[in-house]
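Colleague: I'd like to ask you about the structure that follows.
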Amino acid sequence: MFFIRNYFKAFMLLGFLVSAYGQDSSEIAYYNYFDQKIGVENTGLYQGVVYAEKYRTINELTQFFKTRDFLPGSVCYDGQCYYDLDLRYDVFEDQVLLKLISKAGGGTLKLFKDKIGSFEIDGHQFIRLDQKDATGLNAYGFYEIAYDGPRFTLYSKPTKKNFQRKDRRSLYYEFPDGPTEHVLLYNGNYHIVNSKKEQVQVFPDLKKDIDKFYNLARRLRKSDPNGFHVGLMKRIELLLTQPNNTSK
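Mapping of the sequence shown onto mature numbering (1 follows the signal peptide of the UniProt record, and there is no 0): residues -22 to -1, 1 to 226, in sequence order.
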């Protein structure tokens, strides 16, 4: 494995720059300014393993989130946030990949998963859920913040299936979307909410309302399962605001 040294100590040399930015300045703009001054390749971000393609794919059914191309994003890595990056999210391997700048040698870096607190890619926000923080889940790793409301947060973890194919010349792989794992953070606890049964267990007093939503949104559930879950949680949160509700 090829490791890239951490030069983040250079941050101390630029500490005086903080005073040059008033409280009205954007935090993102400041960190970008810092990275430009010392070079993002000299920050703590450039720690990881050089990435090599593991699977041969020949169509749009890749292991990556949305597309095989790099997408604009940001990442909070080892306690420090970095912005205006080119990222790929390997859903199948649950890994975040960073496009290296040319003066750092180019190529792709696989970031250390345990150092990533959160990341954003193409406007989608993800956080890392570990067993020590959320016990009893079916899967751990990166979850998208699907809905963040005043009473609870819905996290959704995309998955990919893996199929090995063979053409006339060689093997290749296809990665169609798999079932999404849904987790609800409510009253300080994490709940699996993939099914109606699990949703009713969290909100037993809203069983009739949940049943009604399932009946009314059948088409949405088939065409857009993730949108269905978000819609259901928004409906539940609205019901929780009603004064006569006992599930608060």
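Here a beta-carbon is modelled for each residue, glycine too, at the ideal position from N, C-alpha and C.
Is L78 helix, strand or coil when you go by DSSP?
Modeller: Locating residue 78 in the sequence shown gives position 100, counting from the first residue. Here L78 sits in coil by DSSP.
Colleague: Give the secondary structure of I214 by DSSP, where H, G and I count as helix, E and B as strand, and everything else as coil.
Modeller: Here residue 214 refers to the residue found at position 236 when the sequence shown is read from its first residue. I214 falls in the helix class under three-state DSSP.
Colleague: At what residue ranges does the region 146 to 209 contain a whole run of the alpha helix (DSSP H), taking only runs of 4 or more?
Modeller: Here the runs fully enclosed are 174 to 180, 185 to 194 and 196 to 201.
Colleague: In angstroms with no decimal places, state the Cα-to-Cα distance between R196 and V171.
Modeller: Start at 1 with the first residue of the sequence shown, and residue 196 comes out as number 218. Start at 1 with the first residue of the sequence shown, and residue 171 comes out as number 193. When rounded, the distance between both Cα atoms is 17 Å.
Colleague: Sorted by chain position, which residues of the same chain lie with C-beta nearer than 8 Å to F104's C-beta, five sequence neighbours on each side aside?
Modeller: In the sequence shown, counting from the first residue as 1, residue 104 sits at position 126. If we look at F104 and ignore the five residues flanking it on each side, its Cβ neighbours are Y67, S96, F97, E98, F120, Y121, E122 and I123.
Colleague: Nearest to G127 by alpha carbon, out of L210, G22 and V27?
Modeller: Position 149 of the sequence shown, counting from 1, holds the residue named residue 127. Minimum Cα distance to G127 is reached at L210.
Colleague: Assign E176 to one of two classes, buried (16 or more other C-beta atoms within 10 Å of its C-beta) or exposed (fewer than that).
Modeller: Looking up residue 176 in the sequence shown gives position 198. With fewer than 16 Cβ atoms within 10 Å of its Cβ, E176 is classed as exposed.
Colleague: When DSSP labels each residue in this structure, what does K138 get in the three-state scheme?
Modeller: Walking along the sequence shown from the start, residue 138 turns up at place 160. In the structure shown, K138 sits in a strand (DSSP, three-state: E or B).
Colleague: State the DSSP-derived secondary structure class of D92, mapped to helix, strand or coil.
Modeller: In the sequence shown, the residue the question calls residue 92 occupies position 114. Three-state result, D92: helix.
Colleague: With C-beta atoms as the reference, is F153 less than 8 Å away from T40?
Modeller: Here the question's residue 153 lines up with position 175 in the sequence shown. Here the question's residue 40 lines up with position 62 in the sequence shown. Closer than 8 Å, so yes.
Colleague: Measuring only from the beta carbon, is D126 closer than 7 Å to any heavy atom that is part of the ligand COA?
Modeller: Only the bare structure without any ligand can be found here, which leaves the ligand COA out of the picture.
Colleague: Quick one: give me the first and last residue of the beta strand (DSSP E) that E122 is part of.
Modeller: Taking the sequence shown and counting its residues from 1, the one referred to as residue 122 is at position 144. Its beta strand (DSSP E) spans residues G119 to D126.
Colleague: Can you check DSSP and say which residues form a bridge with P50?
Modeller: In the sequence shown, counting from the first residue as 1, residue 50 sits at position 72. In the DSSP output, where bridge partners are listed per residue, P50 has D64.
Colleague: What are the boundary residues of the beta strand (DSSP E) that includes G105?
Modeller: For the purposes of this step, residue 105 is taken as residue 127 along the sequence shown, with counting starting at 1. In the sequence as displayed, the identity of residue 105 is Ile instead of Gly. Here the beta strand (DSSP E) through I105 covers H102 to L107.
Colleague: Can you have a look at E159 and say buried or exposed, based on whether 16 or more other CB atoms are within 10 angstroms of its CB?
Modeller: Translated into positions along the sequence shown, residue 159 becomes position 181. Classification for E159: buried.
Colleague: Here's the rule I'm using: 16 or more other beta-carbon atoms within 10 Å means buried, otherwise exposed. How should F12 be labelled?
Modeller: On the sequence shown, position 34 is the one that residue 12 refers to. Bear in mind that the predicted position of F12 carries a pLDDT of just 37, short of 50, making it too unreliable to give a figure here.
Colleague: Helix, strand or coil, according to DSSP, for K144 in the structure here?
Modeller: Working through the sequence shown from its first residue, we reach residue 144 at position 166. Reduced to three states, the DSSP call for K144 is strand.
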